[in-house]
Amino acid sequence: MERDTHFILGVYDDEDVLLHAVEQVRGSGVKIHEVYSPYPVHGLEHVLGYKRSKLPIAAFLFGMLGLTLALTMQFYMMKFDWPMIIGGKDYGAFPDFVPVSFEMTVLLSAFGMVGVFLITSNLKPWAQPRIFDLRSTDDKHIMAIDLANNSSLDLDKIKEILTESGATEVNKKSFE
Amino acid sequence: MQVTSSVRQPLVTGGKTYHDVTHDVCRQVEGKPSKLWFLAFLTAFGVLAIGSTALLATLWEGIGMWGLNKTVGWAWDITNFVWWVGIGHAGTLISAVLLLFRQKWRTSINRAAEAMTIFAVICAAMFPIIHMGRPWLGAYWALPLPNTYGSLWVNFNSPLLWDVFAISTYFSVSLVFWYIGLIPDFATIRDRATGLRKIIYGALSLGWDGAAKTWMRYESVSLILAGLATPLVLSVHTIVSFDFATSVIPGWHTTIFPPYFVAGAIFSGFAMVLTLMIVTRKVYKLEDYITIGHIELMNIVIIITGSIVGIAYITEFFMAWYSGVEAEQYAFINRATGPYWWAYWSMMTCNVISPQLFWIKKIRTSIVATFALSIVVNIGMWFERFVIIVTSLHRDYLPSSWAMFYPTLVDVGVYLFTFGFFFTAFFLFAKFFPVINMAEVKSVLKSSSEKAHK
Numbered sequence: 000m001e002r003d004t005h006f007i008l009g010v011y012d013d014e015d016v017l018l019h020a021v022e023q024v025r026g027s028g029v030k031i032h033e034v035y036s037p038y039p040v041h042g043l044e045h046v047l048g049y050k051r052s053k054l055p056i057a058a059f060l061f062g063m064l065g066l067t068l069a070l071t072m073q074f075y076m077m078k079f080d081w082p083m084i085i086g087g088k089d090y091g092a093f094p095d096f097v098p099v100s101f102e103m104t105v106l107l108s109a110f111g112m113v114g115v116f117l118i119t120s121n122l123k124p125w126a127q128p129r130i131f132d133l134r135s136t137d138d139k140h141i142m143a144i145d146l147a148n149n150s151s152l153d154l155d156k157i158k159e160i161l162t163e164s165g166a167t168e169v170n171k172k173s174f175e
Numbered sequence: 000m001q002v003t004s005s006v007r008q009p010l011v012t013g014g015k016t017y018h019d020v021t022h023d024v025c026r027q028v029e030g031k032p033s034k035l036w037f038l039a040f041l042t043a044f045g046v047l048a049i050g051s052t053a054l055l056a057t058l059w060e061g062i063g064m065w066g067l068n069k070t071v072g073w074a075w076d077i078t079n080f081v082w083w084v085g086i087g088h089a090g091t092l093i094s095a096v097l098l099l100f101r102q103k104w105r106t107s108i109n110r111a112a113e114a115m116t117i118f119a120v121i122c123a124a125m126f127p128i129i130h131m132g133r134p135w136l137g138a139y140w141a142l143p144l145p146n147t148y149g150s151l152w153v154n155f156n157s158p159l160l161w162d163v164f165a166i167s168t169y170f171s172v173s174l175v176f177w178y179i180g181l182i183p184d185f186a187t188i189r190d191r192a193t194g195l196r197k198i199i200y201g202a203l204s205l206g207w208d209g210a211a212k213t214w215m216r217y218e219s220v221s222l223i224l225a226g227l228a229t230p231l232v233l234s235v236h237t238i239v240s241f242d243f244a245t246s247v248i249p250g251w252h253t254t255i256f257p258p259y260f261v262a263g264a265i266f267s268g269f270a271m272v273l274t275l276m277i278v279t280r281k282v283y284k285l286e287d288y289i290t291i292g293h294i295e296l297m298n299i300v301i302i303i304t305g306s307i308v309g310i311a312y313i314t315e316f317f318m319a320w321y322s323g324v325e326a327e328q329y330a331f332i333n334r335a336t337g338p339y340w341w342a343y344w345s346m347m348t349c350n351v352i353s354p355q356l357f358w359i360k361k362i363r364t365s366i367v368a369t370f371a372l373s374i375v376v377n378i379g380m381w382f383e384r385f386v387i388i389v390t391s392l393h394r395d396y397l398p399s400s401w402a403m404f405y406p407t408l409v410d411v412g413v414y415l416f417t418f419g420f421f422f423t424a425f426f427l428f429a430k431f432f433p434v435i436n437m438a439e440v441k442s443v444l445k446s447s448s449e450k451a452h453k
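Respectively, the protein sequence lines represent chains A and B.
Be aware that the first sequence starts at 0, since it is given in numbering that gives the first Met the number 0, and climbs by one per residue.
Be aware that the second sequence starts at 0, since it is given in numbering that gives the first Met the number 0, and climbs by one per residue.
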């Protein structure tokens with residue numbers, strides 16, 4: 000199994016320093032593996048150059064699926080499979096089907112989107128995440144730089160770039 | 000870089016650093032529970048145990064154990080159902096609607112409020128289920144399952160069935176929303192822990208590592224869930240009100256029910272959040288996170304929704320008179336002056352007059368007054384549902400069948416059971432889960448704490 004094993008970590012205390020640091024580090028030609036933060040930092044995905052998440056599309060598609068299923072189910076059951084006159088209404092009394100259709104749209108949309116989120120982000124109870132620095136879920140932002148990806152650059156040069164960008168510590172981390 | 004407003008109060012006081020936030024919240028999870036916690040937990044569990052005998056009596060003997068009669072076919076059971084569902088509205092309102100409105104003060108209270116929502120909805124859902132009499136067959140009556148009668152399907156024209164879908168969707172979406180928010184905080188606990196706790200919270204955190212890409216998706220998911228949950232919150236109590244509004248019973252047959260019920264739900268939900276949070280902040284020493292500012296803002300929501308409810312009560316009366324329908328007029332005169340006058344006037348005092356006291360700044364920033372009034376509001380909201388349900392039914396069109404409703408011990412016991420369950424679950428949550436959303440508080444900390452980046 001090929002896994003990237005050697006990393007240089009830049010530790011940042013402040014979110015604004017981090018945002019500038021990401022721009023600076025990327026500007027000097029270093030490829031950033033990933034940044035780990037204890038809380039969402041707004042604008043970080045832009046400076047890292049990530050594409051917008053496609054999860055809204057998933058939510059929309061699952062919502063449409065829920066709506067279609069709900070309407071099909073209700074019309075099939077009430078109008079075709081076992082029609083009954085209830086309160087003198089039409090068999091396919093569309094206004095009466097709105098609440099359940101709405102609820103099923105929301106239900107499938109939410110569950111579908113969250114399911115896609117968990118799968119794409121590899122979130123599962125038995126997952127063994129690589130933790131670069133335990134403080135990244137407490138109070139530090141960790142910028143991980145993969146050495147295999149930056150082989151053209153000298154190790155000391157990377158360390159220098161990180162320190163210059165405002166990192167309070169620069170550490171090495173290797174995984175087995 | 001530091002942005003401190005001279006006009007707005009900081010959201011988190013006490014000059015907390017990021018590490019302080021982690022420490023203050025995780026301390027509750029990591030430490031041994033206090034004697035006070037054990038006492039509170041055992042009390043709640045005791046109530047649950049006592050109440051469960053009433054629940055068993057209901058399941059064993061049937062709902063004949065309740066005080067219902069042929070005139071008053073719905074009483075405490077549906078009152079309690081609507082009351083608990085109403086309470087269950089605050090959590091998702093705080094986390095979803097206030098997220099869309101960018102109200103950052105919600106970050107300190109949303110976790111506990113959502114937990115409360117989930118437990119309250121479980122309590123609520125229990126009532127219609129046990130009201131079925133034989134709930135083990137209930138799935139066939141409530142869900143569109145194929146059966147050997149045709150299949151004879153459930154009736155999608157009925158608001159009671161809409162309720163099944165509304166409540167179950169609300170419950171599951173709220174649960175997912177709550178859990179998504181918990182994942183990063185479970186990871187924080189995991190990274191501080193060793194041994195068994197590390198394994199348990201490691202599994203609960205689903206392998207969260209706080210990568211920027213995951214945070215980006217997480218933010219996207221939160222925003223869309225909030226967008227979905229906002230109409231959902233409004234739809235749930237709207238549909239609950241349809242249970243009454245689509246009938247032709249005088250006193251129920253009103254078009255203002257949906258907004259009136261939604262306002263009432265937010266009103267009682269915020270009251271319950273205040274009751275719980277005032278105790279939690281005191282016991283867990285979280286005064287720097289749930290500040291007087293938070294309490295004041297919630298009290299302002301209570302004034303607004305309380306006033307909407309008050310206007311709805313008066314509008315109902317006006318419409319009964321204006322409609323010229325005698326049965327409708329009688330239903331309302333009977334409410335205020337009939338044998339249940341005491342319930343009506345308790346409701347009016349608790350819901351219309353008492354929240355108006357919050358116009359006085361001294362009262363809405365006083366913890367003791369807020370705590371007392373939050374309980375008064377919840378008593379009032381219980382009476383509101385009781386008044387709507389029982390007084391509209393007890394004198395129907397045929398005077399020979401007029402009756403009163405008297406609750407039995409089993410009625411009281413089943414209600415106690417839900418209290419026991421609610422508080423038992425809440426105390427377990429308060430011990431084993433981070434009661435404050437650490438990640439979200441940290442994300443608003445910088446603008447509200449001077450020490451944050453030192």
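Glycine included, each C-beta is placed from N, C-alpha and C at the ideal position.
Nearest to residue 18 (chain A) (by Cα), restricted to the options A:32, A:35, A:33, A:46:
A:46
For residue 133 (chain A), which option in B:176, B:197, B:81, B:171 has the closest C-alpha, if you only look at C-alpha atoms?
B:197
To the nearest whole angstrom, what separates the beta carbons of residue 86 (chain B) and residue 132 (chain B), a pair I think is in contact under 8 Å?
Not a contact, Cβ separation roughly 26 Å.
Taking residue 396 (chain B) as the reference, give the member of B:326, B:376, B:364, B:423 with the closest Cα.
B:326
Is there a C-beta anywhere in chain B that falls below 8 Å from the one on residue 123 (chain A)?
yes
Indicate the three-state DSSP secondary structure (helix, strand or coil) for residue 286 (chain B) in the structure shown.
coil
If you compare alpha carbons, which of A:23, A:172, A:166, A:99 is closest to residue 146 (chain A)?
A:172
Spell out whether any CB of chain A is found under 8 Å from the CB atom of residue 64 (chain B).
no
Count the other CB atoms within 10 Å of the CB of residue 127 (chain A); is the residue buried (16 or more) or exposed (fewer)?
exposed
So, does the CB of residue 216 (chain B) fall closer than 8 Å to a CB anywhere in chain A?
yes
Let's test the definition: count the other Cβ atoms within 10 Å of the Cβ of residue 423 (chain B) and tell me whether it reaches 16, buried, or not, exposed.
buried
DSSP on residue 452 (chain B), reduced to helix/strand/coil?
With a pLDDT of 44 at residue 452 (chain B), under the threshold of 50, the predicted position of this residue should be treated as unreliable, though the coordinate-derived value follows. It is coil, neither helix nor strand.
Measuring only between beta-carbons, confirm whether residue 18 (chain A) sits less than 8 Å from chain B.
no
Spatial neighbours of residue 43 (chain B) in its chain, beta-carbon cut-off 7 Å, leaving aside the 5 residues before and after:
419, 422, 423, 426
Name, going along the chain, the residues of the region 43 to 55 of chain A whose beta-carbon falls closer than 7 Å to a beta-carbon of chain B.
43, 44, 47, 49, 52, 54, 55
Listing by chain order, which chain A residues have their CB less than 7 Å from the CB of residue 213 (chain B)?
120
Quick one: which chain A residues come within Cβ less than 7 Å of residue 154 (chain B)?
85
Cβ of residue 454 (chain B) less than 8 Å from any chain A Cβ?
One cannot answer for residue 454 (chain B) here, as it falls past the ends of chain B, which runs 0 to 453.
In terms of residues, what are the limits of the alpha helix (DSSP H) holding residue 200 (chain B)?
194 to 203
Separation of residue 159 (chain B) from residue 364 (chain B), as counted between CA atoms:
41 Å
Using alpha carbons as the reference points, say which of B:114, B:48, B:358, B:65 lies closest to residue 408 (chain B).
B:65
Where the region 87 to 116 of chain A meets chain D: residues whose CB sits under 8 Å from a CB there:
Here the protein chains are A and B, and chain D is not one of them.
Name the chain B residues whose beta carbon is nearer than 7 Å to that of residue 35 (chain A)?
208, 209, 210
Between residue 90 (chain B) and residue 98 (chain B), what straight-line distance do the alpha-carbon atoms span, to the nearest angstrom?
12 Å
Once DSSP output is grouped into helix, strand and coil, what is the label at residue 7 (chain A)?
strand
Within the present structure, is the beta-carbon of residue 101 (chain A) separated from the nearest heavy atom of the ligand NAD by less than 7 Å?
With respect to the ligand NAD, the structure shown offers nothing to examine, as it has no ligands at all.
What is the rounded straight-line gap between the Cα of residue 148 (chain B) and the Cα of residue 291 (chain B)?
59 Å
Limits of the beta strand (DSSP E) - the one that residue 142 (chain A) falls within
140 to 145
Residue span of the alpha helix (DSSP H) that contains residue 219 (chain B), given as start and end:
211 to 244
Using a Cβ-Cβ cut-off of 8 Å, state whether residue 177 (chain B) counts as contacting chain A.
no
Note down, in chain order, each residue of its chain lying with its Cβ closer than 6 Å to the Cβ of residue 158 (chain A), except the 5 sequence neighbours on either side.
169
Through-space distance from residue 417 (chain B) to residue 391 (chain B), alpha-carbon basis
25 Å
Reduced DSSP secondary structure (H/G/I, E/B, other) of residue 391 (chain B)
helix
Does the beta carbon of residue 11 (chain A) sit closer than 8 Å to a beta carbon anywhere in chain B?
no
Name the residue from B:138, B:406, B:126, B:331 whose alpha carbon lies nearest to the alpha carbon of residue 67 (chain B).
B:406
Return yes when the Cβ of residue 302 (chain B) is within less than 8 Å of the Cβ of residue 357 (chain B), no when it is not.
yes
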